Structure formats: C-alpha cells, structure tokens
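Asker:
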Amino acid sequence: MMTERPLTRNIYPDRPPMNLKEYEQTGGYAALRKVCSSMDPAALQKLVQDSNLKGRGGAGFSTGMKWSLIPMDDKAARPKYLIANADEMEPGTFKDRLLLEGNPHQLIEGMILAAYAIQADIAYVFLRWAYHEAAALIRKSIQEAYDAGYLGTDILGSGFHLEMYLHTGVGRYMCGEETALLNALEGKRATPRAKPPFPQISGLFGKPTIVNNVETLCCVPHIVNNGAAWFKGLSYSEDGGTKVYGVSGKVKRPGAWELPMGVTMRELIEEHAGGMKSGYELKGVLPGGASTDFLTTQHLDIKMDYKSVAAAGSRLGTGTMIVLDSGTCPVGFVHNLQHFFAQESCGWCTPCREGLPWVEKILLALEKGDGKPEDIELLQMHTQFLGPGNTFCALAPGAMEPLQSALKYFMEDFEKHVEHKKCPYD
Amino acid sequence: MPRIYIDNMPFEVKAGKNLLEVCLSLGIDLPYFCWHPAMGSIGACRQCAVKVYKDAEDTKGRIMMSCMESVKDDLRISVCDPGAKAFRAQVIEWLMTNHPHDCPVCDEGGSCHLQDVTVMTGHDYRRYEFKKRTYTNQYLGPLINHEMNRCIQCYRCVRFYRDYAGGKDLNVFSAHNHVYFGREKDGVLQSPFSGNLAEVCPTGVFTDKTLKEHYTRKWDLTNAPAICQHCSLGCNIIAGERYGQLRSIVNRYNSEVNGYFLCDKGRFGYEFVNSENRITQTLIRHRAAEAVDEQTLMNHLPHILTGHTVIGIGSPRASIESNYALMELAGKECFYQGLPDNQVFLEQKIADILSAGTIHTPSLKEIEQADAVLVLGEDIWNTAPIMALAVRQSVMRTAAAHVQEQVPVPGWHDAALKELAQESKGFLANMSILSSPLDEIAAVQVHGTPDDMARLGFQIAHLLNNTLPAVDNAADTLLHNATMISQQLLLARHPVIITGTSSGSEALIRAAYDIAAALQNEERHPGLAFVLPDCNSMGLAMTGASSFEKALAIVQKNPDVTAVILENDLYRNIPADLVDTFFSKCRQVVVLDTLHNRTTEKADVLIPVATFAEGDGTFINNEGRAQRSYQVFMSPDKVLKEAFKWLFEMKVIRRAISNGHDVHPDEMLAGLERAYPQFKGIADVVPSHAFRIHGSRIPRESQRYSGRTAMQANKAVSEPKPLQDDDSPLSFTMEGYRGMPPAPLIPYFWAPGWNSGQAVNKYQQETGGALKGGDPGIRLFRETGAIPAYFQDIPDAFSPRQGKWFLLPQYQLFGSGELSIYTKGIAALSPEPRAILSARDAASLNMATGDLLSVQTDNRTYQFPLETRDDLQDGIVILTAGLKGMDALSWGTWVNLFK
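Quick note, the sequences are listed as chains A and B, same order.
Heads up: the first sequence begins at 38 in my numbering, then just goes up one per residue.
Heads up: the second sequence begins at 1367 in my numbering, then just goes up one per residue.
(1) Identify the residues that DSSP records as bridge partners of B/I1677: which are they?
(2) Could you pull out every unbroken beta strand (DSSP E) segment of at least 3 residues lying fully inside the segment 1951-1976 of chain B, listed in chain order?
(3) Mind pulling the chain B residues with CB within less than 8 Å of A/S382?
(4) Might you give, ordered along the chain, the residues of its own chain that have their beta carbon closer than 7 Å to the beta carbon of A/I260, omitting 5 neighbours on each side?
(5) So A/Q252 and A/R93 are in contact, right, with Cβ under 8 Å, and what is the actual spacing, rounded?
(6) Jot down the residue ranges of each uninterrupted alpha helix (DSSP H) in the segment 2005-2068 of chain B, minimum 4 residues, whole runs only, in chain order.
(7) Kindly indicate the opening and closing residues of the alpha helix (DSSP H) around B/Y2228.
(8) For the segment 237-252 of chain A, which residues have a beta carbon sitting closer than 8 Å to at least one beta carbon of chain B?
(9) For the candidate residues B/G1610, B/R2145 and B/I1593, whose alpha-carbon lies nearest to that of B/L2006?
(10) Could you please give the first and the last residue of the uninterrupted alpha helix (DSSP H) stretch that includes B/E1387?
(11) Are there 16 or more other CB atoms within 10 angstroms of the CB of B/Y2267, so buried, or fewer, so exposed?
(12) Buried or exposed for B/V1379, going by 16 or more other Cβ atoms inside 10 Å?
(13) Indicate the three-state DSSP secondary structure (helix, strand or coil) for A/E295 in the structure shown.
(14) Residues of chain A with a CB under 7 Å from the CB of B/W1460: which are they?
(15) For B/E1607, name the three-state secondary structure that DSSP assigns.
(16) Check B/S1801 in the structure and name its three-state DSSP category.
(17) To the nearest angstrom, how far is the alpha carbon of B/V1445 from that of B/A1422?
(18) Measure the C-alpha to C-alpha separation of B/S2084 and B/A2076 and round it to an integer number of angstroms.
(19) With a threshold of 8 Å, establish whether the CB of A/C73 neighbours any heavy atom of the ligand MG.
(20) What residue range is occupied by the uninterrupted beta strand (DSSP E) comprising B/L2218?
(21) Could you give the uninterrupted runs of the alpha helix (DSSP H) lying entirely in the segment 1556-1623 of chain B, keeping only those of 4 residues or more?
(22) Following the continuous beta strand (DSSP E) through A/D362, name the residue where it begins and the one where it ends.
(23) Return the CA-CA distance between A/M38 and A/M437, expressed in angstroms with no decimal places.
(24) If the cut-off is 9 Å on Cβ atoms, which residues from the segment 1413-1434 of chain B count as contacting chain A, listed in chain order?
(25) Which chain A residues sit within Cβ distance under 8 Å of B/Y1494?
(26) Expressed to the nearest angstrom, what Euclidean distance is found between the alpha-carbon atoms of B/Q1854 and A/L432?
(27) Buried or exposed: which applies to B/M1375, given that a residue is buried once 16 or more other Cβ atoms fall within 10 Å of its Cβ?
(28) Whose C-beta lies closer than 6 Å to the C-beta of A/P394 among residues of the same chain, with five residues either side of it excluded?
(29) Considering only their Cβ atoms, is the gap separating B/P1397 from B/M1486 smaller than 9 Å?
(30) Would you kindly check if the distance between the Cβ of B/I1679 and the Cβ of B/F2014 is under 9 Å?
(31) Have a look at B/R1651 and B/P2161 and give me their C-alpha separation to the nearest angstrom.
(32) Nearest to A/R134 by alpha carbon, out of A/W104, A/R165 and A/L119?
(33) Which residues in chain B sit within 8 Å of A/K398, going by Cβ to Cβ distance?
(34) Please name the residue in B/L1392, B/F1377, B/M1367 and B/Y1371 whose C-alpha comes closest to that of B/Q2130.
(35) Out of curiosity, what's the CA-to-CA distance linking B/K1383 and B/V1437?
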C-alpha cells in the first residue's frame, strides 16, 4: 500500500515552498472554503474530535477535547486567541521546522480553521527565534492570505474575522510550555502559570485561548477535506493520522519522515534512517525528544504511538528520536541534556532552579572522574523529587526522564565512572 | 463550613481559603516562603508541600502545594506524611546549595524566616559539594541594604514592591539559577514603601540600613508596642532598644490599621530619639549656671507658676495624657492648641463631623476593602502614605473582584487573578493640587485649587442628590468629571471619600461630607476619611481648645502670663512674626520638649521630656482610634520623663496640693474621661498598669536576650537591679509571662520555632485576620444613626488676581516631618525647598526653572529656586512645606512674587 503523506506531500527538499497560488492549485484553502460555506464551529470541533487528532507537541492531548473547553456562548470574554506553538526547542526535534519551511500556507490554513472552530478573533504564530527562514516565509504567507481574503474581516463571506500575527521569541525552551509562551507573548517573563484556570478560560491577556502545536494545526485542513474516518484510517494505531517522525544520532540517514502513526521503532531506525552507521551499535533511544525516557534494543518492535510508547515506559513526545550509540558515553550524553535543561529553567520554582544545576554538576563530576558512590544516590533522589506535581511545570520532570531511565538501563556505565575515576568512553 | 481531615483529624475550616492558610490558622507549623497573607499565593517556592489523598481509601496520595489548593469538603491531607516531610526538607537542601553560610554575620540571623524553616524541616547535612553561585550587590540608597547572595528567589520582594506597592525600579532579572532581584543599575529605591522589603524578604537580602549603623542582634533588643509618630494614621510599630539607644522600628501587625506594612518615614524616622540635639538637662535661663538639677527646678517653679496667669499651649504630637495634664495645670479655659486659627477651625470641623456620628469613618482596612475611592484634595501619598497604599489595594482588589464574578478563581490565587484582571482597575478619582503617584492608578485625575476641587465635589453631591444645589458657572470638564465620578460612586457598595486639612480648605471638608451624606442609604455604606497632620492631631482637636491667636490675644492684654508650651515648635506652625510677638509679651515661658528648636530657645525654663520611646502615651489617630504607645526603655537619666508627669508635678505645685504619689497614664485617662465626655471609653484603651498574668508582667525582652550580666560591667561588676515600670504591665527584663499577652501589650512577635516576624501568624485568630482577643485600639467616635445634614455652601471658582498669587503648600513624604528629618537617610532623601509656578506665570515674571523667586508673605520675603510646570493652574504659587528650617507660612492667602 502506498502510504499517504498529507502533511509533507507537497514539500520537496530541492525547491522553495509553494506560494499561495501553488498552494491553492494543490487543493489549498479548499478546506477553509468548505468550512466557511457549510460548517458551523461546533461541527468543525466535532469533526476534529471524531478524527482522534492528538496534540503533536508532546503531551498527546486530544485536540478536539482541548477546543471543546473554550467558552463559545455570546457571553464569552473577547477577544479569543488561537496560537500556533512554533517554538520547537526540544533537543533533537526538527519536525515543525520541516512543516514551517516546507509549507507555510498549510499551517496558516490550519490556524484559520482552528480559529474558526473556537471563534477566535486574533491568531499568533509564536516562532522560535532561530527559525529565520520560517519567519520570512510565514510573514510573506500571512500577507498573501490577507491579500486573498483568507484573513481579515468577513473571511470568504462567512462573517468570520481573524487577524494573524507572527511573533518571534527570544529562544527560550520554556516558551514551548503553553502558559509560559502566553506570558512571553504578553511581554512578561517566560514563567509558567498555575492551572487551573486553564488557557481556554484565562489565556493570553486573561482571555480564552487555545495553543496548538504546528504539526497538529497542519493536520486540520486535511481532516476537513477528507473526513475523520479517512484521518483515522491513515494510522496503524488508535491515534488518528500520520506523524512526522525524526531520527538523529549515529544512523546512516538522519532525517524526518511523515509516516502512519504507529510505525515501529525498528522500521524507523532500520528502514527510514538506514540503520546504524558502521562501527556503531544501537544502545538506547530517546523516542520523542530530550525529555523522554530511554528505550533500548528490547523495545525496537513497539509501535510509535502515544499508548504503546507509554506502555514501554517512555513517551512518544514529539516523535523525533535521538539514538544513543555504543560509542557514546550515556553519562556524558545525559550531562549534555541536563546542561540544557538547567540553563533553560526559568528560575520560578525551587526544585527546578536549584535541582537541575546540581544534577548537571554531579554528572560533570562523574565525567571528569570526580564522582563518588553517593552521587548516584543523589541523582536518584533528584529523579524522584523532581517528579510531576513537585515542580511548578513539566520542565524538570521532563528533564528527569532521560536521567531516570539512563540510571535504569545504563547503571553499569555510571558505576564504572565512579569506580575507574574516569569516563570509560574517553 | 467544609470539613477537612488533616492527618486523619477532622477540622471545620473556612471556605474559600487555601490549605496553607487553614493549616497555619489551626496552629500547624507548615513552612512556606513565597506565600504572604497580604499578597496571596503563587506556588513558586514549593516549600508548603503536603500529601493530598483522593478519598479515604487512597493511601498513596500525591504531593501538592498547600498554598495552591482550596479547601473543600471531605478533603484529606497529611502534613506529617514522610514523603511530604522529605520533600519539604529537600526544598531547603536545594535552597541551601547556594545560600551562604553567613548567618553569624548576617543582620537577619536569629530572626530569619529561612533559618526557622530550615530547622522546621529538619535539613541539617550538606550534600552539595560544588561552588555556590555569587552575585554583585547594589547600592539601593540610604535606607535599604542589598546582599543578593542570600537570595532564595521567593519573588516576594518584587511582588510586594511592584504589584502591591506600585513601585517600578525593583525588578527580577535573568533566569534559571541566576535570577536576580534588584534595580537596573545601582541607585536609591524610589518607592516610599521600600522598607517593607526588609520584612517581606524571608532572609537577609534586603535589610534595614539604619539598624546596620548601630547594629544589634534582634533578640538582644528590648521591645515595646508603640505608635508611629510621623503622621495621623497611628500605624502600630515595635520599637527596639539596646544600650540606651533606639535601634530599629518594625511593623506591629494590627489588622484594622497598618496590617503588615509601614511607610519608610514611619520605619526609619526614629533617629530623632538618639539625636545629639535632644534636650537632656533642665535649664533655667538668665542665670550663671543654667543647667540645674530637678530639685533646683522644683524650687524655682513656684515662683513662675503661682500668683501668675498660667496658659498652656498644647501639642498635636504630644500624647493625650500630656495635653490633658496641661489642661489640668492651666485650666480648661487657658489651654490653647498652639496651631493657627485656620488649622484649628478645620480640625474642629472634622472632629465635629465625626462626633456627630452620622457617617462612618473607615479604618485603613476598610479603605482597602472599598469598591470605589474618591480622594478630594488631599495629597495622601505625602501626608498619609499608608492610606495611599490602602487605596491602591482597594483599586486592585476591586479589579480582582470584578474578574472573580466572571471566572471562579479563589481570592488567594494572586497570579491567576492578576492574569485575568490585567490592567483593569477599580475606581479611584484622585484630586490634588499637584499630580501624585496615585494618579497612575486613578480613573480620574483632577489637579486644581482647593476651591475648584470643592466645587467639583459639590457638583458630585448634587448629582447624587438633586435636592442639593448645582454648581453655578461650572466648566464643561467639571461637569463631565462630576458625572463620571458620581456614576461610579453610585455603582459601589462601600465607596470611601477621603479628604484632609493639608490644603487648608474648609470647602473641601464640606464637599466631602456632602458627597458621603448623599451616598448613604440602605444598600450603600459610604466611608468618610480625614487626614490630619500629626499623630495626635485628632486628640488635640477633640479637646475643643482655641487657637494660638487666642493665646496671643491673652498675652497682649495681660502682662503677667506664664506660658507653658508642650512639645510644640510654634515656629513650624505659626508665622514667625506672631510667635516672636507672643514670646515678647509672655512674662515667663516654660517649654517642655524633646529636641532643641526655635521655640525651646525662647524658653525661660526648659524641661526635657521623654519621646515615645522613653515614655508612655495614648494617641488618637485620624479615625478617632485611641492607641497606647509604650515606652521601650527608661532613660538612665531619670530626669527624662513623660511631659504629663512634669505637668502633673507642676499642677501640684501650682495648686499647692499633694497626693504624695506619681501619676500614671491610667489615672490621666480616667480623669480625661471624667472631665471630657467626648473621650468616653478611652480609659479602656489598654489593660490597667496593674494587669498581670498569673502574677507576672509581660517582658519587653525575649528569653534569648543576651549580655544582661555583662553589659554594665564597665560601671559595676554586679548586675544592676532591673528598672521598674510603674506605668504598665510590661517589665524591662527577660522574666515574666511567656505566653501570648493581650494584643495591646504585645512587645514583639515570637513563638516557638518562629523567630522571625512571621510568628505573627500565631497571634492571629486566622492568618491575615484580627489579633487574638481583638486588635488594639478603641474607636472614640460612635455612629449615632442620625440623619446627616448637608453643608451646601459652594465656593466661587478660583480666579487669578493681577499681580498676586494664591499660596498653597506641597508636603513632602521625606522632609516635611519635624522629627523624621533627624534620620540621616531621610534627610538625604528630602528635597530642597522650592517654589512651583505655571509656565505661563513664570514667563509673565520673566523667570525660568532654576531662577530664584522672591515670595512676600507674612511680613517677610523668602527666596526659593523656581520650578515651572505645564500642568499647574495660573495664579497659584506652591511652596514646599514643612522642610527643616522653613518658617510657617499662611497657606491659602494671596502673596506677592517678584524676581
């Protein structure tokens, strides 16, 4: 069976992305026309809920469910906001970049549809600062959409109005967390907010707001065009649709591919990434970015969907995996990640602000041969105390996922560092 | 009331509270940092973790932050759960990875919330072996010291400084474990509430610089419950002394008055007590050896007190006991206020309004809870700073209350409420002669002359009650503002109208009253608050005594007058010519005061008296609340006693009667109450001086007080007998009753395990609520329920005069205080005297900013550097008022100006 690739079908590495006209020629904005002429917001919400689309940012929460929590009555506070989270800062993750740079109108159409579904007045693309190319493309595409009447007042005669803006961040991992993103967008410090109240009730500037990941939004036009059943049928598992998977590390062909949701890890690594480079063996995998638990060779045949990866003790996350090979020190690998997380902590809550730098320093000491047996206990203590609920947001618990699983699967490596007073991989 | 289970014990708790508040109110020691009862929850520090269980069957539970969870029926939590305890200890271990081990040299050591919580959680062993991060400290001005290395990033400082108090120049910078709390660059903190940083900071990042200059450990202080002396609000303070020197002032919680916070003038303005300018000797002038001992003075006094007419000049800054003692000495008819006619008239009007009891006068807490505020012509930022802070809370809370009607967010959830409320504000209309920092949060700002502001007030009253007259010839802006303000006041249920005497305008008082009276009905309960100049202005006004001018008339007629002047530098309140005339006509002048000043120079007999720190006294604040201030130490020099004691002795001499014993404040107040029914109830202000608990006094010193046997060893090796306090149930020792005393007698807040000021939780009925047994103070004005009668006397609009300017004062928070200016840091922050004119008026005089302007008033000519303003009305000249060395001027009169 020829697998369908709705999101990336029109993305070609050797040519620039489609302009508005080309996008329209490939069926672009048909979904918007359809919705504007024949669907009310409730029907669109139901369609997306029926499609089983789950948030592609990492948490995997049902998109339709998320939208359904936004107040839709006349008394709802205004303006309402729709935000595309394009802050893609998860280490090892570059799937949104592919979509942003490869087909910006697909995102914009998805955003207009999502905004219609929740009757938002204003939409923002919150873009990672380093994505300069995407910034230029989105700016241009938003203008094209305005010029074509897809944005602005009375879109396609539907009576629906939407203003859309591009906002480029300053490069903080924290801004990927939706409430910190909202604070940043308000011009405040990028610290997360306590939930409840949820952004659907008190979001940007205290108004009802939906924040969706880029890939999630890109799925919406295709669901509208082809229906919920079609979208579910794309998948090998109960989560609907395709997924843009990625593989990085010492594999033969690192990259990103759109595949049916639920392909196996083995297929991804061995077929699409071409297997390990010669001389390297696969030791472990972070299946969905830096903040997910390691899986190892024993998990190669699990399906890469939310439920299966969770059952194996990790998370699908962003679906872009980082491969740990036999020649790379897991302690050094994890140290590198913890350095990132400690630096990206916003400094709001004590465990994350003070705990992560400690973890980072211990790992560095282990690498330098200054480790002590108690250090491993301290690392374990942190994996326990920096767990969900103990910290203000999910940053530190996410940071602990690779550490706790490295301690589980690669304890021998940690012990060798202490025992030999040096990194055995040096 | 929801029933919750804490460690399987059932408790009935108050709905709408969070778990942390509830636990603390129940007396459970649950540690916290970022939560503050006045500022709510943000969930940042993670210190108050508890286990929360799904239901009775759940044995595993989840760790949750108690400050972020509302109580609800059947909620089951555990504070003692080993997992929760371990996590709380772990939070301290994390904080300690970077917190310096400098407790022995830290100002906060021994009264540090971080130390208390560290001990409370049981963290005691350091496992972190890496370097600590360090910061550069900043110069933050003369009042607050900065030591960032101690910071535990609880965010309380910025939340207080910015969100609560509206400051802008303190902020949080950087991220992750380099978060920095300070200013963009070194410089003086601009908020007049900056001193509270020393109390909201849970450790030693922000500390009191004035204490540092004569540092002592906080547990080594002798403390007493006192009343702030620097404005009319009567904030409750704790004064601390060691080695005969007043070392610090900290907040004394009173839920009705100042709550948790003081202004910087109140906190730091205490150094006058230690000043070299104190009067320390009894003097009889015009003889070879002027300094005399008490016996010589006593022998001398009959010559000037008997056989002559004695008149008394009272004081708005002396206690009611001392003023009463002077009334007793001179006789009611011969007692005068020592204030000019106009001021006496205004204050009398206010006292009359309040004693009529037709309209409620709100406490500061009630102002915080107001849902609309109109400030009519009083510059409260400068004349009553904590009231300005209360008004800010009203504006913020009203905005939060509005969003709570839309989204069900609990009142303690500070971050969520701020997010929802965004920039929205409750209603404040702020009218003042010049712009004020309060304007920023005001929906309506009006600047103008007192008469014009009063006209706006009368128009508002007219719109509220159309039987009242409308203002004639009103300008469009006045009509527009009046409409808008009256509409907003009508929407409120607890509107508060604030005015005062600092503009010297009776019309403002009348207008404010008419507005409040017009608002009063079954559903709406307006408050009418007045600001007066001094800490006992209200008490003095309530005596009903006449003005200085009346006293002057007496001495001009009668050549045989002995004037007894109580704690009053007449030159600060009355034009110098009049005071000079007064002194030249008096046969003898007896002055009792604390500091040398221009009036004490004129004394034939000068008697040193105790300040609030060395003497007891009762002060009546702007709302008519009588509050006792207790002495914190006894001067080693026995001559230094309260003025009322001297005056009582003088009365004994004059009347040639002797009762053979000393007098104490209780007797004075009992006598006052008997003689003057308007003071009814004042004798119950505090427990009697004979009050004891289980036969014990309440010690002013903590049980941790050190050095007692050694501190006098340079004089004598034996430990001296502790000084005896015959006037109060407080003792000058460590010994005595260690439990919780009645609220008016709390010398300091301490509870086992709670060595910092946070111990106040233990003294409250519930966190943030009233003190156990009720907050101190007795309100003397009672509402009578009588129907208010309107004034309706509308002044004409202000119109400039050719070649004359209308003289108005501008008071300065730092600088206008007679006493606070003795604090070096406050003197440094005091502005230079200046005159302000509109740009157009300045141009008509051919002058520009910086030029010297000559002002001719009160038969003298003064020169001031000129400042021009675009927002000032033509025809008025504004002079800084009350600065050191400045004469009193006749405010509200027309003066000549020239280059």
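The beta-carbon is built from N, C-alpha and C at its ideal position, and this holds for glycine as well.
Since the model is a prediction, treat every value here as computed from it, not as a measurement.
Answerer: According to the data block:
(1) The count along the second sequence starts at 1 and reaches residue 1677 of chain B at position 311. According to DSSP, which records beta bridges pairwise, B/I1677 is partnered with B/A1929.
(2) Entirely contained in the segment 1951-1976 of chain B, the beta strand (DSSP E) runs reaching 3 residues are, in chain order, 1954-1959 and 1971-1974.
(3) As a working note, residue 382 of chain A is residue 345 in the first sequence. Simply A1541, H1542 and N1543.
(4) Within the first sequence, residue 260 of chain A is the residue found at index 223, counting from 1. Excluding positions up to five away in sequence, the list reads L84, V85, S88, L90 and F268.
(5) By 1-based counting over the first sequence, the position of residue 252 of chain A is 215. By 1-based counting over the first sequence, the position of residue 93 of chain A is 56. With the sequence shown as reference, residue 252 of chain A is identified as Glu, and Gln is not the correct amino acid for it. About 4 Å separates the beta carbon of A/E252 from that of A/R93, a gap short enough to meet the 8 Å contact definition.
(6) DSSP runs (the alpha helix (DSSP H)) wholly in the segment 2005-2068 of chain B: 2009-2021 and 2031-2041.
(7) Taking the second sequence and counting its residues from 1, one reaches residue 2228 of chain B at position 862. Per DSSP, B/Y2228 lies in no alpha helix (DSSP H); the unbroken beta strand (DSSP E) holding it starts and ends at R2226 to R2235.
(8) Against chain B - using a Cβ distance shorter than 8 Å - the residues of the segment 237-252 of chain A are I238, S239, F242 and G243.
(9) To locate residue 2006 of chain B, count along the second sequence from 1; it is residue 640. That would be B/G1610, whose Cα lies nearest to the Cα of B/L2006.
(10) By 1-based counting over the second sequence, the position of residue 1387 of chain B is 21. Boundaries of the alpha helix (DSSP H) harbouring B/E1387: L1385 to S1391, taken from the DSSP string.
(11) No answer is possible for residue 2267 of chain B: the residues shown for chain B start at 1367 and end at 2265.
(12) Counted from its first residue, the second sequence places residue 1379 of chain B at position 13. Label assigned to B/V1379: buried.
(13) One-based indexing of the first sequence puts residue 295 of chain A at position 258. DSSP places A/E295 in strand when its eight states are reduced to three.
(14) For the purposes of this step, residue 1460 of chain B is identified with residue 94 of the second sequence, where counting begins at 1. Close partners of B/W1460 in chain A (Cβ separation under 7 Å): T387, P388, E391 and G392.
(15) Counted from its first residue, the second sequence places residue 1607 of chain B at position 241. The DSSP-derived three-state label of B/E1607 is strand.
(16) Here the question's residue 1801 of chain B lines up with position 435 in the second sequence. Reduced to three states, the DSSP call for B/S1801 is coil.
(17) Mapped onto the second sequence, residue 1445 of chain B falls at position 79. Mapped onto the second sequence, residue 1422 of chain B falls at position 56. B/V1445 and B/A1422: Cα-Cα distance of roughly 16 Å.
(18) Against the second sequence, residue 2084 of chain B aligns to sequence position 718. Against the second sequence, residue 2076 of chain B aligns to sequence position 710. Those two C-alpha atoms are separated by around 9 Å.
(19) No copy of the ligand MG appears in this structure; indeed no ligand is present at all.
(20) Here residue 2218 of chain B is taken as the residue at index 852 of the second sequence, counted from 1. For B/L2218, the enclosing beta strand (DSSP E) stretches over residues L2218 to T2223.
(21) List check, alpha helix (DSSP H) in window: 1563-1566 and 1575-1579.
(22) Here residue 362 of chain A refers to the residue found at position 325 when the first sequence is read from its first residue. Start and end: T357 to D362.
(23) In the first sequence, residue 38 of chain A corresponds to position 1, counting from 1. In the first sequence, residue 437 of chain A corresponds to position 400, counting from 1. A caution first: A/M38 carries a pLDDT of 41, below 50, which makes its placement in the model unreliable, though a value can still be read off. Rounded to the nearest angstrom, the two C-alpha atoms are 40 Å apart.
(24) Against chain A - using a Cβ distance shorter than 9 Å - the residues of the segment 1413-1434 of chain B are Q1413, A1415, R1428, I1429, M1430, M1431 and M1434.
(25) Counting from 1 along the second sequence, the entry for residue 1494 of chain B is found at position 128. For the C-beta of B/Y1494, the chain A residues within less than 8 Å are, from N- to C-terminus, W395.
(26) Numbered from 1 along the second sequence, position 488 holds the residue referred to as residue 1854 of chain B. Numbered from 1 along the first sequence, position 395 holds the residue referred to as residue 432 of chain A. Each residue's Cα considered, the two are about 46 Å apart.
(27) Walking along the second sequence from the start, residue 1375 of chain B turns up at place 9. B/M1375 should be labelled exposed.
(28) The residue given as residue 394 of chain A occupies position 357 in the first sequence. Counting only Cβ-Cβ distances below 6 Å, and skipping sequence neighbours, we find A379.
(29) Reading the second sequence from its first residue, position 120 is the one you call residue 1486 of chain B. Reading the second sequence from its first residue, position 31 is the one you call residue 1397 of chain B. Taking C-beta atoms as the reference points, B/M1486 and B/P1397 count as a pair closer than 9 Å.
(30) Taking the first residue of the second sequence as position 1, residue 2014 of chain B is located at position 648. Taking the first residue of the second sequence as position 1, residue 1679 of chain B is located at position 313. Their beta carbons are not under 9 Å apart, which means B/F2014 does not touch B/I1679 by this criterion.
(31) For the purposes of this step, residue 1651 of chain B is identified with residue 285 of the second sequence, where counting begins at 1. For the purposes of this step, residue 2161 of chain B is identified with residue 795 of the second sequence, where counting begins at 1. Near 50 Å, if we compare the C-alpha coordinates of B/P2161 and B/R1651.
(32) Here residue 134 of chain A refers to the residue found at position 97 when the first sequence is read from its first residue. Looking from the CA of A/R134, the closest CA among A/W104, A/R165 and A/L119 belongs to A/R165.
(33) Taking the first residue of the first sequence as position 1, residue 398 of chain A is located at position 361. For the C-beta of A/K398, the chain B residues within less than 8 Å are, from N- to C-terminus, F1496.
(34) What you label residue 2130 of chain B is simply residue 764 of the second sequence in a count that begins at 1. Considering only alpha carbons, the answer is B/L1392.
(35) Position 17 of the second sequence, counted from the first residue, corresponds to residue 1383 of chain B. Position 71 of the second sequence, counted from the first residue, corresponds to residue 1437 of chain B. Straight-line Cα distance between these residues: approximately 6 Å.
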